[in-house]
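To start, the structure itself, in structure tokens.
Number of protein chains: 2
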Amino acid sequence: MSTDNLQIRLASRPQRWVREDNFRQVREAIPEPSEGQVLVKVRYLSLDPYMRGRMDDAKSYAAKVELGDVMVGGTVGEVAESRDERFQRGDRVVGMLGWQQYGVCDARELRKIDVSRVPETVYLGTVGMPGVTAWYGLTHIGEPKPGETVLVSAASGAVGSVVGQLAKIKGCRAVGIAGGPAKCGYVVEELGFDACVDYKAGRLEQDLAEATPDGVDVYYDNVGGPILDAALDRLNPFARIPLCGLISGYNGQPMAIHNVRSLLINRVKLQGFIVTEHPDVWPQALRQLGEWVAQGRIKYRETITEGLENAPQAFIGLLKGENFGKQLIKVA
Amino acid sequence: MSTDNLQIRLASRPQRWVREDNFRQVREAIPEPSEGQVLVKVRYLSLDPYMRGRMDDAKSYAAKVELGDVMVGGTVGEVAESRDERFQRGDRVVGMLGWQQYGVCDARELRKIDVSRVPETVYLGTVGMPGVTAWYGLTHIGEPKPGETVLVSAASGAVGSVVGQLAKIKGCRAVGIAGGPAKCGYVVEELGFDACVDYKAGRLEQDLAEATPDGVDVYYDNVGGPILDAALDRLNPFARIPLCGLISGYNGQPMAIHNVRSLLINRVKLQGFIVTEHPDVWPQALRQLGEWVAQGRIKYRETITEGLENAPQAFIGLLKGENFGKQLIKVA
Numbered sequence: 002m003s004t005d006n007l008q009i010r011l012a013s014r015p016q017r018w019v020r021e022d023n024f025r026q027v028r029e030a031i032p033e034p035s036e037g038q039v040l041v042k043v044r045y046l047s048l049d050p051y052m053r054g055r056m057d058d059a060k061s062y063a064a065k066v067e068l069g070d071v072m073v074g075g076t077v078g079e080v081a082e083s084r085d086e087r088f089q090r091g092d093r094v095v096g097m098l099g100w101q102q103y104g105v106c107d108a109r110e111l112r113k114i115d116v117s118r119v120p121e122t123v124y125l126g127t128v129g130m131p132g133v134t135a136w137y138g139l140t141h142i143g144e145p146k147p148g149e150t151v152l153v154s155a156a157s158g159a160v161g162s163v164v165g166q167l168a169k170i171k172g173c174r175a176v177g178i179a180g181g182p183a184k185c186g187y188v189v190e191e192l193g194f195d196a197c198v199d200y201k202a203g204r205l206e207q208d209l210a211e212a213t214p215d216g217v218d219v220y221y222d223n224v225g226g227p228i229l230d231a232a233l234d235r236l237n238p239f240a241r242i243p244l245c246g247l248i249s250g251y252n253g254q255p256m257a258i259h260n261v262r263s264l265l266i267n268r269v270k271l272q273g274f275i276v277t278e279h280p281d282v283w284p285q286a287l288r289q290l291g292e293w294v295a296q297g298r299i300k301y302r303e304t305i306t307e308g309l310e311n312a313p314q315a316f317i318g319l320l321k322g323e324n325f326g327k328q329l330i331k332v333a
Numbered sequence: 002m003s004t005d006n007l008q009i010r011l012a013s014r015p016q017r018w019v020r021e022d023n024f025r026q027v028r029e030a031i032p033e034p035s036e037g038q039v040l041v042k043v044r045y046l047s048l049d050p051y052m053r054g055r056m057d058d059a060k061s062y063a064a065k066v067e068l069g070d071v072m073v074g075g076t077v078g079e080v081a082e083s084r085d086e087r088f089q090r091g092d093r094v095v096g097m098l099g100w101q102q103y104g105v106c107d108a109r110e111l112r113k114i115d116v117s118r119v120p121e122t123v124y125l126g127t128v129g130m131p132g133v134t135a136w137y138g139l140t141h142i143g144e145p146k147p148g149e150t151v152l153v154s155a156a157s158g159a160v161g162s163v164v165g166q167l168a169k170i171k172g173c174r175a176v177g178i179a180g181g182p183a184k185c186g187y188v189v190e191e192l193g194f195d196a197c198v199d200y201k202a203g204r205l206e207q208d209l210a211e212a213t214p215d216g217v218d219v220y221y222d223n224v225g226g227p228i229l230d231a232a233l234d235r236l237n238p239f240a241r242i243p244l245c246g247l248i249s250g251y252n253g254q255p256m257a258i259h260n261v262r263s264l265l266i267n268r269v270k271l272q273g274f275i276v277t278e279h280p281d282v283w284p285q286a287l288r289q290l291g292e293w294v295a296q297g298r299i300k301y302r303e304t305i306t307e308g309l310e311n312a313p314q315a316f317i318g319l320l321k322g323e324n325f326g327k328q329l330i331k332v333a
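Chain order of the listed sequences is A and B. Under this note's numbering, residues 2 to 333 are what the first sequence spells out, in order. Under this note's numbering, residues 2 to 333 are what the second sequence spells out, in order.
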């Protein structure tokens, strides 16, 4: 039996912070597709904060990863063998093959991608789930109007970077929050945000007030915790909060917010969402995002780590905010 | 100059809890209406939690009461003198005349009431602002579907009692939260809720879990704080939270909520609102509520305190949850 398929499986559930020994590397045989299935050779694996939630035993919106199972994850790859007429060997595809070198799935779970105008990796970021997450939350929940101020946390990340650039396209003032001067500089100078607040500088409240002189109409929240609290303090009446992620909670830190009063006195709408539950918006979102990326109107940055065996370490770094832009693993 | 108009004015802003010396009693001349105005002799004054917010200097959704001004408040009364053709002496009216025996206002700020089918006091409660608050929050934000579970805090109060009864009319399971066995008994036996949890019994989480075996689809929040936190823990996916009041915050206690994660993982919509900003719904809401009260389908309870001079003490009791049902002051 061949053992050519390196996989990374969940070995144990994390206590607070994720550690490398929560994962186990395994070598298995390359699987065979059944009728209607496709075998994909993974080229890039996407690492995303939601994966942290799947490692827990807790009730969540998505099925947890069982102990011993291959970690879930979005991938781009190449069709190695197809038993479905819609795909043939060599096609570039996106799918959820997980943390492994080869995977099999039903043909309907794959989507062909056009790599002539947009590089393949971007289908895991700006023209993939993170991009659609930004697009859906901003346009369907945030509903920003020209001239309004849109604030977004994790602004240099895969979702936040798109939120701010979409806000600029819509004629808004875009303000980011990010960790450290390098990320903040990138957000303003490369991505074109109007301002970016460095939450690590220790003056979050004051800096946020200076960066949002007209208050905040949309706060796109990717992190929760104290940054959410600080943002609540800047809200204008009738502000909207698309609630997308709570990175600061994924590691077990306290997630209390104190400024609940702002939600009432400003008649705020706060809405949690999961983009995979809104499949109807994906085609329009992907088409717009793809065009804007091809035209250079939406920019992106990637951190690419070589080798699937390094995925656990890169994932731990992602949860600590060590990556810069979209975190990917080059698998092959 | 006559001094026949007893008024209660704001003497100082409260530090945390409201005290009687935050108010001052004053006797003034009965005012004269100008052209287009009406002089109203107040019969009943409504006491409501929102008044606590008006006593602070803080930014809020409504103008604060200035030091030395008459306290704001909803009233029913009798037209004593009219300089507008729409009203004549003796008409029963609702308006915002405040904590005083006589007041003048523009005719367009008054609404005539029909006291033949519904007692006049009810226009300050179930068929007034509290009732419309319940109606708007439940129907427009909560959007309950038959068979769903609607949970409401301050369930024996002016708003909460209507929320639960409307939920029953809509075919939902109605569960209340109230303080003490007397209020809980009333909520179940008189108002017809399916269950009521006594938050003072010290087993909030367990009792709430037992009372909501199928989880919670709508949590109508009147109090915030630890009760909001406990309710967040019972939410079903796609739950809705009309955020109506934060009594537990009106006295300066910590208002932190810890269970923010539930908002994300359950894709919750939380929406703060102020019913006076939705004048379009008032006629429909008042018509429905008035009919249901007249038919006995919606029941109510009132605590009526005699004498305007006792309003400060009654208001302090309201903030501590000492009243039972709608708190009113019989002024004349």
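Ideal Cβ placement from N, Cα and C applies to all residues, glycine included. If you're wondering where the values come from, they're calculated on a predicted model, not measured in any experiment.
Around A257(A), the beta-carbon contacts reaching into chain B at under 7 Å are A257, I258, H259. Every unbroken stretch of the beta strand (DSSP E) spanning 3 or more residues and falling wholly within the segment 18-89 of chain A is given here in chain order: 24-29, 38-47, 76-83. Using a Cβ distance threshold of 8 Å, V128(B) and V332(B) do not count as a contacting pair. Straight through space, the alpha carbons of A179(A) and V164(A) are spaced by roughly 13 Å.
Straight-line measurement puts the Cα of V77(B) at about 20 Å from the Cα of R28(B). If you check the CB distance, V224(B) and A240(B) do not come in under 8 Å. In this structure, the beta-carbon distance from R93(A) to I114(A) falls below 8 Å.
Excluding the 5 residues flanking it on each side, L68(B) has same chain C-beta neighbours closer than 8 Å at L11, A12, S13, R14, in chain order. For P145(A), the secondary structure class from DSSP, reduced to helix, strand or coil, is coil.
Under the DSSP assignment, K270(A) falls in the beta strand (DSSP E) whose first and last residues are 270-273. A residue is called buried once 16 or more other Cβ atoms fall within 10 Å of its Cβ, and V116(B), having fewer, is exposed.
The criterion of a C-beta distance shorter than 8 Å is satisfied by A135(A) and V160(A). Taken atom to atom, the span from the alpha-carbon of E144(A) to that of A175(A) is near 14 Å. Exclusion of the five residues before and after W100(B) leaves Q8, I9, L46, V71, M72, G74, L309, A312 as the residues of its chain whose Cβ lies within less than 7 Å of its Cβ. Counting along the chain, L244(B) sits inside the beta strand (DSSP E) bounded by residues 236-244.
For N324(A), no chain B residue has a Cβ inside 9 Å of its Cβ, as the nearest lies near 21 Å away. Under the DSSP assignment, L329(A) falls in the beta strand (DSSP E) whose first and last residues are 327-331. In the structure shown, the three-state DSSP call for L7(B) is strand. Pairing M56(B) with S154(B), the inter-Cα distance amounts to about 24 Å. Those residues of the segment 264-281 of chain A placed with their C-beta closer than 9 Å to a C-beta in chain B are L264, L265, I266, N267, R268, V269, K270, L271, Q272, G273, F274, I275, E278, ordered along the chain. Using a Cβ-Cβ cut-off of 8 Å, L152(A) does not count as an interface residue toward chain B, since no Cβ of chain B sits closer than that to its own.
Among the residues of chain A, those whose CB is under 7 Å from the CB of L244(B) are L264, L265, following chain order.
For T306(B), the enclosing beta strand (DSSP E) stretches over residues 303-307.
Taking 8 Å as the threshold, the shortest C-beta distance from G158(A) to chain B does not fall below it. Between L320(B) and V19(B), the CB-CB gap stays under 8 Å. Interface with chain A (8 Å Cβ-Cβ cutoff): G99(B) is excluded. Taking every protein chain shown into account, the CB of A64(A) has fewer than 16 other CB atoms within 10 angstroms, so this residue is exposed.
Using a CB distance below 7 Å, the part of the segment 215-228 of chain A facing chain B consists of G225, ordered along the chain. In the DSSP assignment, I228(B) falls within the alpha helix (DSSP H) that extends over 226-233.
Unbroken beta strand (DSSP E) stretches of 3 residues or longer found wholly inside the segment 118-175 of chain B: 150-154, given in chain order. Per DSSP, the continuous alpha helix (DSSP H) segment holding A295(A) begins and ends at 283-295.
L236(B) is not a Cβ neighbour of L244(A), given a cutoff of 8 Å. It is roughly 10 Å from the alpha-carbon of M256(A) to the alpha-carbon of I228(A). Residue burial annotation: T4(B) is exposed, with fewer than 16 other C-beta atoms found within 10 angstroms of its C-beta.
Contact between L152(B) and A81(B) fails: their C-beta atoms lie close to 44 Å from each other, not under 8 Å.
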